[in-house]
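Residue numbers (the numbering used here): 21 to 143. The C-beta atom is built at its ideal place from N, Cα and C for all residues, glycine as well.
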């Protein structure tokens, strides 16, 4: 594993609809619990809940954060999410663009952040 990726986490969170997904994504980024959240529509989830198999259309949030921000993110997600048991699965990437991973660290930490790596200065 790249040392640069060792403290970055990619999390998966399902949401019931676009409004909820956007509200959660905006809050996590605004509160610097995540650097970025991608909202992926068209997810079909089949799962066991309360003894029965269910199937629902959902959206998947792909959340980029750090190990240090994961516990506060989980606490905030429990408040923001309408599900009794919100999905939150975090994985550690085995590598990635060092510049992007540095940006994830900066953007999900308290304090000012620089532009996302693909944004160029207007000079």
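- With 16 or more other CB atoms across the displayed protein chains lying within 10 angstroms of its CB, residue 101 is buried.
- In the structure shown, residue 54 falls within a coil segment according to DSSP collapsed to helix, strand and coil.
- No Cβ-Cβ contact shorter than 8 angstroms links residue 49 with residue 113.
- CA-to-CA, the gap between residue 93 and residue 106 works out to about 12 angstroms.
- At the C-beta level, residue 130 and residue 52 come within 8 angstroms of one another.
- Shown here, residue 113 sits in coil according to DSSP, grouped into three states, outside any helix or strand.
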